[in-house]
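Position one of the sequence shown corresponds to residue -3 (my numbering), numbered consecutively onward. Step one of this worksheet: look at the structure below.
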Amino acid sequence: AAAGIGGASRESAAAVVSSLMAKGYVLAEDAYDRAVRYDQERKLSEMARLRMREMDETLGIQESYQLLKQKTRAGAAKLDDEYHLSERYQQMKQQTRETARELDASYRLSERWQRMTSSVKSSYARAMEGENAQRFAGWVRQGYGSLKESASSLRDATRTQIELERQRKATTPLAEPQPSWNSTSAAAAASEALASASGPAPAKAAPDPTTSTESELVVTTASPAPVAEEARPETAEGLPNSQAAALRSDVPAPESPVPPSTGPAEDSEELSAVCSHQG
């Protein structure tokens, strides 16, 4: 049961890894194809090649490179002829070989190397004959075989997922290009959506001339006509109670006319008449 659970978990992990690898491979392939199409449409590589060719023709880069290479070879040959460098190198190599042979013959280095390698091989063979060594070798072989099998299954699953991703990409329609962001168009679209959701706007009622205030007046850009001041009625008859009271409170009371005096005699007579009436 434990082996079955372990095998199922390994299969699920391999499926996840293969799916991720297939998606990454298809994404990279798609990016490469788009880059190639973009280059073909804009002709960037051709323009770069033409530019490099123009620079080469103008500056003579290839000719300068060939001349520099020829001068370098000529200088090296001149130095070799003057100082005999190649001959000295061959002589030094021959002396090194002869010295190595003399050392091998004197100290028997090759024989010692052969004896050491043979002893290591025999020691390894004796160690592998033991039970523990056999068990360890079996574990190593089993682990290597399991790893090889997992890698093979992962490779096959990845190939299958790549084919499925390619088929899905071929059958899926391309998404329409999204319009570029514009704050004005976005605000207009939002206002239209709100207007359509809330229904038609109610009609505005005509303003009442008796209750309109200065803040409700509309200022036009054209030359406005002078607003005539409302004539205040002299009497409160025919008006509402609130306006009549305001009119009465605003209009001062008329002063009583003073009769002109006709003389001191008439003034004294009037004063005596008033006093007798009060008494």
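Yeah, the Cβ is synthetic: ideal placement off N, Cα and C, and Gly gets one too.
Span separating the alpha-carbon of residue i from that of residue j
{"i": "Glu161", "j": "Leu150", "result": "16 Å"}
{"i": "Glu7", "j": "Leu143", "result": "13 Å"}
{"i": "Gln138", "j": "Gly126", "result": "18 Å"}
{"i": "Asp76", "j": "Ser115", "result": "49 Å"}
{"i": "Thr68", "j": "Lys39", "result": "38 Å"}
{"i": "Lys65", "j": "His80", "result": "21 Å"}
{"i": "Gly56", "j": "Gln36", "result": "29 Å"}
{"i": "Met43", "j": "Thr168", "result": "35 Å"}
{"i": "Ala118", "j": "Arg84", "result": "The residue asked about is misnamed: residue 118 is Ser in this sequence, not Ala. Each residue's Cα considered, the two are about 46 Å apart."}
{"i": "Met51", "j": "Ala73", "result": "32 Å"}
{"i": "Thr95", "j": "Ala70", "result": "35 Å"}
{"i": "Glu159", "j": "Arg47", "result": "40 Å"}
{"i": "Arg93", "j": "Leu63", "result": "39 Å"}
{"i": "Ser148", "j": "Tyr140", "result": "12 Å"}
{"i": "Ala(-2)", "j": "Asp152", "result": "Legend: pLDDT at Ala(-2) = 47, less than 50; position of this residue unreliable, no value from coordinates given."}
{"i": "Asp26", "j": "Trp109", "result": "57 Å"}
{"i": "Met112", "j": "Gly20", "result": "51 Å"}
{"i": "Gln163", "j": "Glu188", "result": "41 Å"}
{"i": "Gln86", "j": "Glu98", "result": "19 Å"}
{"i": "Gln91", "j": "Arg49", "result": "52 Å"}
{"i": "Tyr34", "j": "Tyr61", "result": "34 Å"}
Beta carbon of residue i nearer than 8 Å to that of residue j
{"i": "Ser41", "j": "Gln157", "result": "no"}
{"i": "Ala123", "j": "Ala129", "result": "yes"}
{"i": "Gly146", "j": "Ala11", "result": "It should be noted that the sequence gives Ser, not Gly, for residue 146. The answer is no: Cβ separation not under 8 Å."}
{"i": "Val32", "j": "Lys165", "result": "no"}
Residues of its chain near residue i, where Cβ-Cβ distance is below 6 Å and the 5 sequence neighbours each way are ignored
{"i": "Ser106", "result": "Asp100"}
{"i": "Met17", "result": "Thr154"}
{"i": "Pro205", "result": "Since pLDDT at Pro205 reaches only 49, below the 50 mark, its modelled position is unreliable, and the value read off the structure follows with that caveat. Excluding residues within five positions, none has a Cβ falling inside 6 Å."}
{"i": "Glu78", "result": "none"}
{"i": "Thr54", "result": "none"}
Cβ shell of residue i (< 8 Å), same chain only, five flanking positions each side left out
{"i": "Ser5", "result": "none"}
{"i": "Ala279", "result": "The chain is shown from -3 up to 275; residue 279 falls before or after that span and cannot be answered."}
{"i": "Gln58", "result": "Asp52"}
{"i": "Ser82", "result": "Asp76"}
{"i": "Met88", "result": "none"}
{"i": "Arg277", "result": "With the chain running from -3 to 275 in the structure shown, residue 277 is simply not present."}
Cβ-based neighbour list, residue i, same chain, cut-off 7 Å, excluding 5 preceding and 5 following
{"i": "Thr207", "result": "Because Thr207 sits at a pLDDT of 48, beneath the cut-off of 50, its placement in the model cannot be relied upon, and the following sentence gives the value as read from the coordinates. If we look at Thr207 and ignore the five residues flanking it on each side, it has no Cβ neighbours."}
{"i": "Val136", "result": "none"}
Neighbour flag for residue i against chain C, beta carbons, 8 Å
{"i": "Ser149", "result": "Any reference to chain C falls outside this structure, which holds one protein chain only."}
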